[in-house]
Every structure is written in structure tokens, then in C-alpha cells.
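K.L.:
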Amino acid sequence: MVEWFESLYLDGITKHTVQHIKEKIEKEKLQYPVFCVAFSSNPENLLDIMNVNELLFPYYKRKSCFILGLASSRKQAMIMAAAIITRIYRETGGFDVKSYYGKKSQGKISADG
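Under our numbering, think of the first position of the sequence shown as 103, with each following residue one higher.
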């Protein structure tokens, strides 16, 4: 099951096609190249970066996946994830991503930081 961050983080390309991307994900259609930044499925990690087509795997049909951002390439997704983590650290002094986004749902971060 896919859940979306209300103020989804997008790069320069995905911001123009976000509705189309979300619809394809929800309809379980393949698409290229789109990567998502999501809450980590492993409690030892901060975020997951994956190709959105991985969401078609049975694992993600059983588990919840909370998507914070969509990027047009793995590199852009890595830049976006770094910007998200940097922002959390600057504002809280820590790295608790799930707690930060559980309390705060506004503001955006571009892939450029």
C-alpha cells in the first residue's frame, strides 16, 4: 500500500508530471525512469531510494510504503534524500525522519537543496 506525503518533494522534471506518475503507481503500471524517496523499510536506515517499479513487488502490497518524494533519476533522488536529511538535522539536531514527518507536513525541498 502506497501512502503519499502531502507536500511531495519533486525535482524539476517530476513536478510537471506528478499526477501522471502517481496515477501509474496506483494503477500498478510500469514506468521509467522515476525513483522515489520513502521512509526506510529497515529501522537501521533513514530513507529508501528505489525505482518506483519496485512498488509492484508483492512485498509492497503487504507493507505500507510512505513516499516523501519523486525524482527523475537515481542521482536526483540521492540529492533529494540528502537535502531532506540535512533539513531534519538542522531543524532538530537529529535524524528521526519518521518522527519529523509525523509532526510536520508542510514545506518542500527541491532536489537542489
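All residues carry an ideal CB built from backbone N, CA and C; glycine is no exception.
In this text the structure is predicted, and so the values were computed from the model without any measurement.
Based on the DSSP output, what are the partners of D150 in its beta bridges?
P.N.:
A140
K.L.:
Using C-beta distances below 8 angstroms, list every residue in its chain close to E128, excluding the 5 sequence neighbours before and after it, in chain order.
P.N.:
Around E128: V104.
K.L.:
At the level of alpha carbons, what is the spacing between F107 and A184?
P.N.:
17 angstroms
K.L.:
Measure the C-alpha to C-alpha separation of Y191 and L132 and round it to an integer number of angstroms.
P.N.:
Taking the straight line joining both Cα atoms gives about 35 angstroms.
K.L.:
Taking the alpha-carbon positions, what's the L158 to D150 distance?
P.N.:
15 angstroms
K.L.:
Locate the beta strand (DSSP E) running through I115, then write down its first and last residues.
P.N.:
From DSSP, I115 is part of no beta strand (DSSP E); its letter is neither H nor E.
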